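In what follows, a structure is listed as structure tokens, so that the remarks can point back to it.
There are 2 protein chains.
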Amino acid sequence: MSQHRHPGAPGRAGAVPALPDLPEATVARLPEYLRALHNLAETGHETVSSEGLASAAGVNSAKLRKDLSHLGSYGTRGVGYDVALLIEQIEFVLGLTQRRAVALVGVGNLGHALAGYDGFASRGFRIAALFDADPGRVGEEINGLVVRHIDELPRVAVEEAIAIGVIATPAPAAQAVADQLVAVGVTSILNFAPCVLSVPEGVDVRKVDLAIELQILSFHEHRKASLTALPATGGSALTALPGGLAVTDPQEAIGT
Amino acid sequence: MSQHRHPGAPGRAGAVPALPDLPEATVARLPEYLRALHNLAETGHETVSSEGLASAAGVNSAKLRKDLSHLGSYGTRGVGYDVALLIEQIEFVLGLTQRRAVALVGVGNLGHALAGYDGFASRGFRIAALFDADPGRVGEEINGLVVRHIDELPRVAVEEAIAIGVIATPAPAAQAVADQLVAVGVTSILNFAPCVLSVPEGVDVRKVDLAIELQILSFHEHRKASLTALPATGGSALTALPGGLAVTDPQEAIGT
DNA sequence: CGCGATTTGTGCACGCCTTCACAAGCGCCT
DNA sequence: AGGCGCTTGTGAAGGCGTGCACAAATCGCG
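In the order they appear, the protein sequences are chains A and B. Read in order, the letters of the first sequence are residues 5 to 260 in the working numbering. Read in order, the letters of the second sequence are residues 5 to 260 in the working numbering.
Encoded structure:
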């Protein structure tokens, strides 16, 4: 495949099965498959079995096959999947055939790091603009981009065709920023501020909270400690389950 | 309804209350409840209804009640939950009554930001040590901590009683770092490197991949765009969406 | 002291996701 | 050409999580 229809255009028809609405759980795993596939491609693999790709992506092979089957069959029985073809397919489904412009709001500690993170550029995105509300930060240059004042968002959003907004401000400012992003037509937001955003229907928000991740780990740590702490002594508590918890698939929990 | 633990339990873990093994989905939401509760406490609320807390945390009230019931929490029918008590309960279950020591490995772009992130300190953790493999970075002081060489990990891990390891290295180095962390007894790892870590059973790994989050958003963006072909709703959502009120259930749209 | 308003705790049904197990399909070797 | 081994794609079953709807419990007030 090579010629897919251009995204923004209404015209569809054509051979490609349009966009099947994939299960959310599958969508969340596709990027992981994609990363693993790129690794395989770089190391010279031309095909890969579901077993091989699954282990490279850290999932169960049956799950992987089912995920891929959702976006049409592109494997060959007895052989496996064509790496290059699969990469194209997944990139298309994820909408990565066009490099989306990202606006980053909040150039503090974390914002600085995000602005300099090359993982964005190498995986389908372009940081197109940086914003901050603090006049003291406006004008600063980071990684070749100049920090603009948040008030310039409306103009810049149009100029740069901003598709995704990243919020890296302190929590108290996050909702206002989200409102501003929504106002200029952004319908996808990645929120690093530790707070709940409320947005109109049709706008997707994903949240990343580093402290929450640690707290989840802390829970498991706490539980592991309380289980191993009392081999046979008093305490009792709930009897230890033998196998305890499997850690086999830690990613699972993040769920979506 | 069981009255298992005494909530306070700040002191020693001697009494070892039974840790109910909560559903993973519940564990993942507790930190969010906790954050919302702290906000409520700061604004003077002494009690809160499940409805109130649920909306503050961005979830369904029935779900919240079920989550809390799993940890045998004490709400009062007709009244609600005691904010302070609930905070204690959740912090205890999450193992936050002791401030866990975190080791951060990889002081690059992202590592710098993490080292300076005060959200860790304010939410139950203490960054106890910074490591890097690059001699050029060793010795640098960040936020009051000196970067040590990764070879010092074994000694420092013991001295500081490291409980959690955070990996913020480039992907190629991540597995080796994980092995080293495991070797010194760390059983909880937060991995920011875009790769799959393999660790022994009993070790928990959580992964945060910023590019993956963007790619998931990209998928939904792509799908929304391909749907806009139908109704004449016109993409002019840009027109005056008053910032401020939002009327939806943002959680709905996203998986998590 | 009893009644009504309010809110929690939960039984239940539904739907999503995971996993197993296997038939169908493909390439290679004889 | 035919058979054999390997791998995909999927039907079915089971588990988990969600949300509804309601009984039980508690407070405030007359």
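Using N, Cα and C, we set each Cβ at its ideal position, and we do this for glycine too. These numbers were taken from a predicted model, which means no experiment stands behind them.
- Remark: fewer than three beta-carbon pairs, one from each stretch, lie closer than 8 Å, so the region 74 to 82 of chain A and the region 162 to 175 of chain A are not flagged as touching.
- Residues of the same chain with a CB within less than 7 Å of the CB of P24 (chain A), apart from the 5 flanking positions on each side, are H74, L75 in chain order.
- Residue burial annotation: T80 (chain A) is exposed, with fewer than 16 other C-beta atoms found within 10 angstroms of its C-beta.
- L157 (chain B) places its beta carbon less than 9 Å from that of L185 (chain B).
- When the beta-carbon positions are compared, G110 (chain B) and V200 (chain A) stay at least 9 Å from each other.
- When rounded, the separation of the alpha-carbon atoms in T30 (chain B) and L118 (chain B) is 26 Å.
- For G56 (chain A), no beta strand (DSSP E) run applies; the uninterrupted alpha helix (DSSP H) run containing it begins and ends at 54 to 61, by DSSP.
- The beta carbon of Q93 (chain A) is closer than 8 Å to those of M5, L75, G76, Y78 in its chain, skipping five residues each way along the sequence.
- By the rule that beta-carbons nearer than 9 Å mark a contact, Y121 (chain A) touches chain B.
- Apart from the 5 residues on each side of it in sequence, S53 (chain B) sits with its Cβ closer than 7 Å to the Cβ of G84 in its chain, given in chain order.
- Secondary structure at Y37 (chain A): helix, using DSSP grouped into helix, strand and coil.
- In this structure, the CA atom of A107 (chain A) is about 43 Å from the CA atom of V162 (chain B).
- Between P35 (chain B) and I171 (chain A), the CB-CB gap reaches or exceeds 9 Å.
- S59 (chain A) has its alpha-carbon roughly 44 Å from the corresponding atom of L44 (chain B).
- Within the same chain, V170, R210 come within 6 Å of L194 (chain A) by CB-CB distance, once the 5 residues on both sides are set aside.
- Separation of V87 (chain B) and T47 (chain B) (C-alpha to C-alpha, rounded to the nearest whole angstrom) is 11 Å.
- D122 (chain B) counts as exposed, since fewer than 16 other C-beta atoms from the protein chains shown sit within 10 angstroms of its C-beta.
- Residue pairing for Y85 (chain B): DSSP places it in a beta bridge opposite B:V52, B:G79.
- Scanning the region 193 to 242 of chain A from its first residue to its last, the whole beta strand (DSSP E) runs of 3-plus residues come out as 208 to 211.
- For the set A:L26, A:P198, A:F196, A:S222, the Cα lying nearest the Cα of K70 (chain A) is the one of A:L26.
- For N64 (chain B), the nearest beta carbon of chain A is not closer than 9 Å to its own beta carbon.
- Secondary structure remark: continuous beta strand (DSSP E) runs of at least 3 residues inside the region 118 to 182 of chain B, in chain order: 129 to 136, 149 to 153, 166 to 171.
- For the set A:R33, A:H153, A:E50, the Cα lying nearest the Cα of P139 (chain A) is the one of A:H153.
- Note that the C-beta distance between R104 (chain A) and F129 (chain A) is below 9 Å.
- The continuous beta strand (DSSP E) containing L108 (chain A) extends over residues 104 to 109.
- Looking at the backbone, the Cα of D208 (chain A) and that of V190 (chain A) are separated by about 9 Å.
- Apart from the 5 residues on each side of it in sequence, E55 (chain A) sits with its Cβ closer than 6 Å to the Cβ of S65 in its chain, given in chain order.
- Within the region 211 to 224 of chain B, K211, V212, L214, A215, I216, E217, L218, Q219, I220, L221, S222, F223, H224 place their CB atoms closer than 7 Å to a CB of chain A, listed in sequence order.
- The straight-line gap separating the alpha-carbon atoms of V212 (chain B) and V212 (chain A) is approximately 8 Å.
- When Cβ-Cβ separations below 9 Å define contact, T173 (chain A) makes no contact with chain B.
- In the DSSP assignment, D71 (chain B) falls within the unbroken alpha helix (DSSP H) covering 65 to 74.
- Distance from the CA of P176 (chain A) to the CA of A187 (chain A), rounded to the nearest whole angstrom, comes to 19 Å.
- Within chain A, the residues L218, L221, S222, E225 have their CB atoms less than 8 Å from the CB of I168 (chain B), given in chain order.
- Here DSSP, grouped into helix, strand and coil, assigns T191 (chain A) to coil.
- The Cβ-Cβ distance between L41 (chain A) and I91 (chain A) falls below 9 Å.
- One alpha carbon belongs to D183 (chain B), the other to T173 (chain B), and they sit about 13 Å apart.
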